[in-house]
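Residue numbers for the sequence shown, in the numbering used here: 8 to 531. Backbone N, C-alpha and C fix where the C-beta goes; we use that ideal spot for every residue, glycine too. Everything on this sheet refers to the single structure shown next.
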Amino acid sequence: MSYPGIIYQNANLLQCVTSGLALTDSRLSFVAVRGGRIVAIGPAEAASSMKGRGTRVVDCHGYTLLPGLVDAHCHFLALASRLSAIDCGRERASTIPQLVNIIAQESSKARSKEWDGRGWIRAFGYDEFYLKEKHHPTRWDLDQVSLSYPVRLDHRTGHAMVLNSVAMSLLQITKDTSDPIDGVIQRDEDSREPTGVLLEMARWVRNRLGHTRSEDEVRQGARLASRCFLSKGVTSIQDATPSNGPEQWDLFSELKGSGCLVPRVTMMVGADCANTAKRAAMRSREETGLRLGATKIMVTLTTGALQPSEEELRELVLREHSQGSQVAVHAVEAEAVEAVADALLHAQSVALRPDARHRIEHCSECPPHLVDKIAASGAVVVTQPGFICDVGERYASLADERFLPHLYPIADLAAAGVLIGAGSDAPVTLPDPMASIYAAVTRMTSSGICLGPGQGVPVEEAIVMHTRGGAFASFEEHRKGTIKEGNLADFVLLEQDPTAVEPGALRDIRPLMTVVNGEVVWQA
């Protein structure tokens with residue numbers, strides 16, 4: 008008999024096993040692991056017969072063991088950058104002068120050494136909605152930090168940045184510089200001088216400057232980001248960065264190999280890097296902890312019009328669909344969501360693929376007629392319930408009143424038979440699945456406003472969104488997202504059973520231990 012290498016026993020086991028995607032009510036006690044896979048589960052009285060001479064035993068002390076949580080939409084390298092940048096979140100700064108002071112004070116070390124081409128002063132996390140001035144800072148504000156070093160302040164969402172004059176000069180952005188097709192250089196209304204605010208231009212900046220962080224900085228940021236996920240019980244991430252390609256694949260592979268990145272990674276690839284040869288080259292180097300995922304497509308209204316156009320989107324989706332690829336399409340506004348649903352329906356009408364599992368990412372504004380279209384298309388929705396808790400007030404204040412009852416309509420989507428996965432969109436918000444589960448159930452913002460009270464779901468459904476739902480979205484439900492024999496041995500041990508507490512207490516449940524490949528990789 009081959010004995011397991013490790014047994015996790017005395018656990019309150021929530022399996023997330025099958026009735027569709029429903030959570031079962033099984034209460035089992037141990038999980039036996041060998042070679043990174045689950046080889047047995049069962050009640051307490053059966054555990055002793057599983058133990059061999061070399062079997063290690065981990066006592067879970069009656070705490071609740073869940074499948075490892077899946078963050079189905081995040082941006083790992085951007086999170087790594089955020090965690091090593093100066094924190095300018097709303098908890099630290101509520102005015103532009105406060106932002107400037109924080110960046111100036113905390114960047115003094117960088118300003119004291121000669122700039123070597125990589126010594127950017129980096130800050131992250133402002134949101135103009137939460138600033139007293141209610142507008143973006145400008146290059147002239149950041150010039151108060153330094154006129155010798157380039158300064159970059161990234162918006163909380165990652166969809167905007169502010170640069171000082173030195174950085175603008177390095178990029179050769181002047182009054183005469185044209186806006187890129189899918190971005191905006193914000194300008195002073197009178198002088199038409201660029202203000203330093205760039206919208207949807209991160210890739211444009213990267214293409215012009217190349218890498219501005221050293222390898223050591225990247226590795227250190229990756230360690231911080233990895234620990235950030237593990238400390239919240241996240242054992243698998245799906246990186247949805249639209250600029251991903253062979254270079255990012257190589258970096259993920261190096262970070263995995265060096266131990267800087269512990270959670271399992273499914274990397275989406277940008278549409279402009281998704282040709283057959285490049286995809287095949289990356290797929291040939293897949294491993295258990297690093298997989299190639301969907302083709303990521305961005306559909307935005309930043310410039311005031313759909314980018315890409317509806318016709319271009321249809322062609323792009325049909326191309327990927329006809330090649331057998333899965334697409335994951337960013338769509339926030341109702342107009343964008345409808346364009347994506349129409350493109351998916353068109354692709355299926357041309358070449359039916361019953362289990363294509365195309366994805367709509369975010370699906371923020373989604374009135375009932377769009378719910379029906381999405382259901383008809385067969386798409387999976389990967390959404391961010393945590394946004395309700397984190398920035399719900401912003402939505403309530405700025406969103407079109409017509410769509411307020413239909414923001415992140417999780418209950419409507421589920422009732423229509425749409426399968427749902429959940430992600431943090433980190434670094435837009437920091438990974439925190441329990442806060443996300445809380446928001447999916449209660450719909451409560453951080454200030455106590457209930458946003459879309461009819462759209463809450465039972466806690467069991469919310470848990471599945473963060474486990475098997477996320478795994479399903481990447482065609483991995485056969486190996487992760489549930490605790491059953493043959494699956495990967497990825498778990499999180501929680502201090503309380505989320506199915507047995509009041510909804511208001513969900514966000515306060517702490518992970519105690521995270522297990523990847525059968526081994527404890529993080530403990531409180």
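Handout entry: Option in Arg360, Leu35, Phe482 with minimal Cα separation from Ala54
Key = Comparing alpha carbon positions, the residue from Arg360, Leu35, Phe482 closest to Ala54 is Leu35.
Handout entry: At least 3 beta-carbon pairs within less than 8 Å: the stretch 500-507 vs the stretch 471-478
Key = No: fewer than three Cβ pairs fall under 8 Å.
Exercise for the section: Leaving out five residues on either side along the sequence, give the residues of the same chain with a beta carbon under 6 Å from the beta carbon of Val522. Expected result: These residues qualify, in order along the chain: Phe498.
Practice task
Measure the C-alpha to C-alpha separation of Ile516 and Cys370 and round it to an integer number of angstroms.
Solution key: Each residue's alpha carbon lies about 27 Å from the other.
Practice task
Tell me whether the beta-carbon of Gly59 lies closer than 8 Å to the beta-carbon of Val40.
Solution key: Taking 8 Å as the Cβ cut-off, Gly59 and Val40 do not qualify as a contacting pair.
Problem - Local Cβ density within 10 Å of Leu127, reported as buried at 16 or more and exposed below that - result: Looking at the sequence itself, residue 127 is Trp, so the reference to Leu does not match. Per the 10 Å Cβ criterion, buried.
Practice task
Give me the Cα-Cα distance between Thr273 and Arg146, rounded to the nearest whole angstrom.
Solution key: In this structure, the alpha-carbon of Thr273 lies about 37 Å from that of Arg146.
Exercise for the section: Would you mind reading off the limits of the alpha helix (DSSP H) that contains Ile103? Expected result: Element bounds for Ile103: 103-113.
Practice task
Under 8 Å by Cβ, that's how I've got Ala418 and Gln462 pegged, so tell me the actual separation to the nearest angstrom.
Solution key: Confirmed, Cβ separation roughly 5 Å.
Exercise for the section: Could you pull out every unbroken alpha helix (DSSP H) segment of at least 4 residues lying fully inside the stretch 431-511, listed in chain order? Expected result: Runs of the alpha helix (DSSP H) lying entirely within the stretch 431-511, each at least 4 residues long, are 440-449, 466-472, 475-480 in chain order.
Practice task
Take Ile7 and list the residues in its own chain whose beta-carbon comes closer than 7 Å to its own, dropping the five residues that flank it on each side.
Solution key: No answer is possible for residue 7: the residues shown for the chain start at 8 and end at 531.
Problem - Whether Arg44 touches Leu458 by CB criterion (8 Å) - result: No, the pair does not count as a contact, with Cβ atoms beyond the cut-off.
Handout entry: Given Gly385 as reference, the closest of Asp432, Ile367, Gly190, His376 once Cα atoms are compared
Key = Closest by alpha carbon: Ile367.
Practice task
Report back the beta-carbon spacing between Ile304 and His337 to the nearest angstrom; my notes put them in contact at under 8 Å.
Solution key: About 7 Å separates the two Cβ atoms, so the contact holds.
Handout entry: Burial state of Leu154 (16 or more Cβ within 10 Å)
Key = Around the beta-carbon of Leu154, fewer than 16 other beta-carbon atoms lie within 10 Å, marking it exposed.
Handout entry: DSSP three-state assignment for Asn19, whether helix, strand or coil
Key = Correct three-state label for Asn19: strand.
Practice task
Round the Cβ separation of Ala442 and Arg514 to the nearest angstrom and send it over; I've been treating them as touching at under 8 Å.
Solution key: Rounded, the Cβ-Cβ distance is 5 Å, consistent with contact.
Exercise for the section: Go through the stretch 152-233 residue by residue and report every complete run of the beta strand (DSSP E) that reaches 3 residues or more, in order. Expected result: Entirely contained in the stretch 152-233, the beta strand (DSSP E) runs reaching 3 residues are, in chain order, 158-162, 167-170, 191-194, 201-206.
Handout entry: Coil, strand or helix - Ala29 by DSSP
Key = Residue placement at Ala29 cannot be trusted, given a pLDDT of 48 that sits under 50; what the coordinates show is reported in the next sentence. Note: Ala29 maps to coil in three-state DSSP.
Problem - Where Cys373 sits in the DSSP three-state scheme - result: Looking at Cys373 - three-state DSSP - the assignment turns out to be coil, as it is neither helix nor strand.
Practice task
Reducing DSSP to helix, strand and coil, say where Ile93 ends up.
Solution key: Shown here, Ile93 sits in a strand according to DSSP, grouped into three states.
Exercise for the section: Go ahead and pull the three-state DSSP assignment for Glu98. Expected result: Secondary structure at Glu98: coil, using DSSP grouped into helix, strand and coil.
Practice task
Let me know the secondary structure DSSP gives Asp407 once reduced to three states.
Solution key: If DSSP states are grouped into helix, strand and coil, Asp407 belongs with coil.
Practice task
Determine, using beta-carbon pairs with one atom in the stretch 214-223 and one in the stretch 418-429, whether at least three such pairs fall under 8 Å.
Solution key: With the cut-off at 8 Å, the stretch 214-223 and the stretch 418-429 do not touch.
Practice task
With DSSP collapsed to three states, give me the class of His80.
Solution key: His80 falls in the strand class under three-state DSSP.
Practice task
Quick one: grab the DSSP three-state call for Pro74.
Solution key: In this structure, Pro74 counts as strand in the three-state DSSP scheme.
Handout entry: Length-filtered (3 minimum) beta strand (DSSP E) runs lying within the stretch 267-328
Key = Entirely contained in the stretch 267-328, the beta strand (DSSP E) runs reaching 3 residues are, in chain order, 271-277, 297-305.
Exercise for the section: Keeping to the same chain, check which residues put their C-beta closer than 6 Å to that of Gln151; ignore five residues upstream and five downstream. Expected result: Leaving aside the five residues that flank Gln151 on each side, the residues in its chain whose CB is nearer than 6 Å to its CB run, in chain order, Val107.
Practice task
Determine the closest residue to Ala423 out of Lys182, Asp379, Arg401, with distance taken between C-alpha atoms.
Solution key: Among Lys182, Asp379, Arg401, the Cα nearest to that of Ala423 belongs to Asp379.
Exercise for the section: Please say whether Val38 and Leu560 have beta carbons closer to each other than 8 Å? Expected result: The chain is shown from 8 up to 531; residue 560 falls before or after that span and cannot be answered.
Problem - For Val169 and Gly203, the rounded distance between their alpha carbons - result: If you take the alpha carbons of Gly203 and Val169, they lie about 5 Å apart.
Exercise for the section: Taking 8 Å as the threshold, find out whether the stretch 309-316 comes into contact with the stretch 289-301 through three or more Cβ pairs. Expected result: Segments in contact, no.
Practice task
Count the CB pairs spanning the stretch 193-208 and the stretch 226-240 that are closer than 8 Å, and state whether there are at least three.
Solution key: Judged by Cβ distances under 8 Å, the stretch 193-208 makes no contact with the stretch 226-240, as fewer than three pairs qualify.
Exercise for the section: For Ser265, name the three-state secondary structure that DSSP assigns. Expected result: Under the three-state reduction of DSSP output, Ser265 falls in the helix class.
Handout entry: Straight-line gap, Pro375 to Pro460 (C-alpha atoms, nearest Å)
Key = Computed Cα separation, rounded: 15 Å.
Problem - Rounded straight-line distance, which links the Cα of Ser332 to that of Leu359 - result: Distance between Leu359 and Ser332, taken at the CA atoms: about 13 Å.
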